[in-house]
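What follows is one structure encoded as structure tokens, with my remarks underneath.
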Amino acid sequence: MNHTSETHAALPIIDVSALITDSSAEALQTVADRIRNACRAHGFFYVSGHGVDSALIQRLEMLSRRFFALDEQEKMRWRMALGGRAWRGYFPLGGELTSGRPDWKEGLYLGTELADDHPLVLAATPVHGRNLFPDVPAFREAILQYMEAVTTLGQALMRGIALSLELPANYFESRYTADPLILFRIFNYPSQDVPKDMDVQWGVGEHTDYGLLTILLQDQIGGLQVKTPGGWTDATPVPNTFICNIGDMLERMTGGWYRSTAHRVVRNTSGTDRLSFPLFFDPNYFSRVHPIEGLPHVPDADDSASRWDKENVHAFNGIYGDYLLNKVSKVFPQLRQEVL
Ligand SMILES: O=C(O)CCC(=O)C(=O)O
Ligand SMILES: [Fe+2]
Numbered sequence: 001m002n003h004t005s006e007t008h009a010a011l012p013i014i015d016v017s018a019l020i021t022d023s024s025a026e027a028l029q030t031v032a033d034r035i036r037n038a039c040r041a042h043g044f045f046y047v048s049g050h051g052v053d054s055a056l057i058q059r060l061e062m063l064s065r066r067f068f069a070l071d072e073q074e075k076m077r078w079r080m081a082l083g084g085r086a087w088r089g090y091f092p093l094g095g096e097l098t099s100g101r102p103d104w105k106e107g108l109y110l111g112t113e114l115a116d117d118h119p120l121v122l123a124a125t126p127v128h129g130r131n132l133f134p135d136v137p138a139f140r141e142a143i144l145q146y147m148e149a150v151t152t153l154g155q156a157l158m159r160g161i162a163l164s165l166e167l168p169a170n171y172f173e174s175r176y177t178a179d180p181l182i183l184f185r186i187f188n189y190p191s192q193d194v195p196k197d198m199d200v201q202w203g204v205g206e207h208t209d210y211g212l213l214t215i216l217l218q219d220q221i222g223g224l225q226v227k228t229p230g231g232w233t234d235a236t237p238v239p240n241t242f243i244c245n246i247g248d249m250l251e252r253m254t255g256g257w258y259r260s261t262a263h264r265v266v267r268n269t270s271g272t273d274r275l276s277f278p279l280f281f282d283p284n285y286f287s288r289v290h291p292i293e294g295l296p297h298v299p300d301a302d303d304s305a306s307r308w309d310k311e312n313v314h315a316f317n318g319i320y321g322d323y324l325l326n327k328v329s330k331v332f333p334q335l336r337q338e339v340l
């Protein structure tokens, strides 16, 4: 892996504190301009000054390591098949496919905690429900607090993205994210050889994310790579930052003015396990995602020919939940048969 400093210099680090505290119009404009430049150039940027408590982050990392250190058999007590339609729980190494190939990672699928008697759960709405919290003391509290803190950050970042598009700050919140769909994953990329008979190449294969904005915490190991016009660039770990990237729905809303940028994770050969924590800040499950009026026209908005999945996100018609389910059922084909 390449850990040289010039590689992450390609992706900007934006101090977003003005979006979180009361700030002057001028300070907000400065952040909005930086976000616009980053979204137009890369679709990826780091955020600092994000306001998420570093002690909480450390606690979450420590407890996650404790969980992944358990025996495989023990971890399977919280396997995804037991999460039913909520799509929650643990999946083992090689258990998730990207573009039809197993990824070399294991993980825990989480999301907004909804009780069994919540109307959406009673209605058997996919990806809504209870989490399968592993039996690691204090893990549940750390996960819930982290999801809440990063969801608050997501709302702030979406205000910045709205301003970057010269829209009212509450544009996304008032239309799509008053009750956002929050899915959260904790991944472990073990530094472990792949058996000879397995067709594995990547930690995670090339893909784009599906929703609005992904907010990723990663440890110090590295391995995330971003597709740029000039080739693949390392998203090198930078302490005390999150990495943000645009999802398909924001590309769709902006008519391709902002793109959902492809990325992948190299197989971890560092000798130490790598943890990452993507939180997907997405439109409400039932929302229909419409193009924003008044943005510059992008003639080649349909980029399906060069996309990893060959799909045209601008042609999609339906609720966000349908778009999402179509994607997740490809990464867990076995589970689709069991629970959907
Ligand atoms: O682990 C990472 O660094 C990225 C994971 C990712 O791209 C995803 O979960 O969508
Ligand atoms: Fe991703």
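Residue numbering for the sequence shown follows the working numbering, starting at 1 and increasing by one per position.
All C-beta atoms, glycine included, are put in the ideal place defined by N, C-alpha and C.
Measure the CB-CB distance between residue i and residue j and report whether it falls below 7 Å.
i: residue 313; j: residue 96; result: no
i: residue 280; j: residue 208; result: no
i: residue 185; j: residue 102; result: no
i: residue 242; j: residue 31; result: no
i: residue 156; j: residue 163; result: no
i: residue 72; j: residue 188; result: no
i: residue 264; j: residue 201; result: no
i: residue 131; j: residue 191; result: no
i: residue 181; j: residue 309; result: no
i: residue 91; j: residue 80; result: yes
i: residue 311; j: residue 262; result: no
i: residue 134; j: residue 78; result: yes
What does the alpha-carbon distance come out to for the pair residue i and residue j?
i: residue 145; j: residue 299; result: 43 Å
i: residue 333; j: residue 194; result: 21 Å
i: residue 255; j: residue 302; result: 9 Å
i: residue 15; j: residue 198; result: 43 Å
i: residue 111; j: residue 124; result: 16 Å
i: residue 355; j: residue 248; result: Here the chain covers residues 1 to 340 and nothing more, so residue 355 does not appear.
i: residue 172; j: residue 38; result: 19 Å
i: residue 85; j: residue 29; result: 42 Å
i: residue 24; j: residue 274; result: 39 Å
i: residue 276; j: residue 49; result: 20 Å
i: residue 196; j: residue 93; result: 15 Å
i: residue 165; j: residue 259; result: 13 Å
i: residue 1; j: residue 121; result: In this prediction, residue 1 scores a pLDDT of 42, lower than 50, which makes its location untrustworthy; the coordinate-derived value is nonetheless stated afterwards. If you take the alpha carbons of residue 1 and residue 121, they lie about 43 Å apart.
i: residue 152; j: residue 270; result: 33 Å
i: residue 5; j: residue 236; result: Per-residue confidence for residue 5 stands at a pLDDT of 38, beneath the threshold of 50, marking its modelled position as unreliable; the derived number appears in the next sentence. Rounded to whole angstroms, residue 5 to residue 236 spans 8 Å at the Cα level.
Would DSSP call residue i helix, strand or coil?
i: residue 173; result: helix
i: residue 2; result: At residue 2, the pLDDT of 43 sits below 50, so the modelled position is not reliable; the number obtained from the coordinates is stated separately. Residue 2: coil per DSSP, three-state reduction.
i: residue 332; result: coil
i: residue 77; result: helix
i: residue 187; result: strand
i: residue 8; result: For residue 8, the pLDDT reaches just 43, beneath the cut-off of 50, and the residue's location in the model is therefore unreliable, although a value from the coordinates is still provided. Helix.
i: residue 288; result: strand
i: residue 105; result: coil
i: residue 122; result: helix
i: residue 221; result: coil
i: residue 213; result: strand
i: residue 279; result: strand
Could you tell me which of the options sits nearest to residue i, measuring between CA atoms?
i: residue 176; options: 24, 329, 319 and 25; result: 319
i: residue 74; options: 43, 105 and 136; result: 136
i: residue 142; options: 58, 108, 24 and 230; result: 58
i: residue 150; options: 200, 211 and 52; result: 52
i: residue 219; options: 17, 13, 62 and 38; result: 62
i: residue 288; options: 273, 316, 228 and 269; result: 316
i: residue 108; options: 261, 117 and 139; result: 139
i: residue 291; options: 167, 322 and 252; result: 252
i: residue 326; options: 223, 211 and 230; result: 211
i: residue 306; options: 227, 272 and 13; result: 227
Between residue i and chain D, is the shortest Cβ-Cβ distance under 7 Å, so that the two count as touching?
i: residue 240; result: Absent from the structure is chain D; it holds one protein chain and no more.
message: As a quick check of your reading: which residues have a C-beta less than 6 Å from at least one non-hydrogen atom of ligand 1, in chain order?
response: 185, 187, 204, 209, 216, 218, 224, 263, 265, 276 and 278
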